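Peer 1: Got a structure for you, written out below as structure tokens; questions coming shortly.
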Amino acid sequence: MSSKPRRPRASHRRAGADSFSSEEATIPARHLRLQSTLFEEVSLLFRGELSDPLLEGVAVTTLELSPDGRQARIGFTLPPERQESGPAPVEEALERATGYIRSQLALGLNLKRVPHLRFICVGVAPHLASGGEGDEP
64 MSSKPRRPRA SHRRAGADSF SSEEATIPAR HLRLQSTLFE EVSLLFRGEL SDPLLEGVAV
124 TTLELSPDGR QARIGFTLPP ERQESGPAPV EEALERATGY IRSQLALGLN LKRVPHLRFI
184 CVGVAPHLAS GGEGDEP
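Per the working numbering, the sequence shown starts with residue 64, numbered consecutively.
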């Protein structure tokens, strides 16, 4: 046996581990890298892979991974032309596409467990003028 005094072990469950945390100083670097990679992959899927017409113009704005990595909250914005109908039809389309998105994440990333996805509408994307500076009256 060693005569050195033993340090107490760090607890595996931190206080507040059940909720999503926005304090980046206490989040491990691996967790932040995984969160960033998931955001990039989901954004790519939205830009090219999803064929549902209800999801055209929908953009991923945020992805927040839970501390245990089991759930991901994905914030999205609606295109301006979908503002009248509201987020409900888009949320239903996203619910239908969740299985496909998770399977594509499983194929593209080497993860032990692909997180469950929860989509949250964060607003409407601003309408961008396509003509340039001369469009203003």
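Virtual Cβ for every residue (Gly too), placed ideally from N, Cα, C.
In this text, all values refer to a predicted model and were calculated from it rather than measured experimentally.
Any chance the segment 122-135 sits against the segment 172-180, with 3 or more Cβ pairs inside 8 Å?
Peer 2: Because the criterion of three Cβ pairs below 8 Å is met, the segment 122-135 and the segment 172-180 touch.
Peer 1: For residue 123, which residues of its own chain have a beta-carbon under 8 Å away from its beta-carbon, when the five flanking residues on both sides are left out?
Peer 2: On the sequence shown, position 60 is the one that residue 123 refers to. Answer for residue 123: 102, 105, 106, 109, 137, 138, 139, listed in chain order.
Peer 1: Counting only the same chain and skipping the five closest in sequence on each side, list residues whose C-beta sits under 6 Å from that of residue 152.
Peer 2: Residue 152 sits at position 89 when you count from the first residue of the sequence shown. Closer than 6 Å at Cβ, skipping near neighbours: 117.
Peer 1: Does DSSP put residue 203 in a helix, in a strand, or in coil?
Peer 2: No answer is possible for residue 203: it lies beyond the span of the chain, which begins at 64 and ends at 200.
Peer 1: Identify, in the order they occur along the chain, each residue of the same chain with its Cβ nearer than 7 Å to the Cβ of residue 113, setting aside the five sequence neighbours on each side.
Peer 2: Locating residue 113 in the sequence shown gives position 50, where the first residue counts as 1. Closer than 7 Å at the Cβ level, and outside the excluded window around residue 113, lie 160.
Peer 1: Using the Cβ count rule (16 or more neighbours within 10 Å means buried), how would you classify residue 145?
Peer 2: Taking the first residue of the sequence shown as position 1, residue 145 is located at position 82. Burial call: buried.
Peer 1: Is residue 143 buried or exposed, if buried means 16 or more other CB atoms sit within 10 Å of its CB?
Peer 2: On the sequence shown, position 80 is the one that residue 143 refers to. Under this definition residue 143 is an exposed residue.
Peer 1: Secondary structure at residue 110, three-state DSSP: helix, strand or coil?
Peer 2: Looking up residue 110 in the sequence shown gives position 47. Looking at residue 110 - three-state DSSP - the assignment turns out to be helix.
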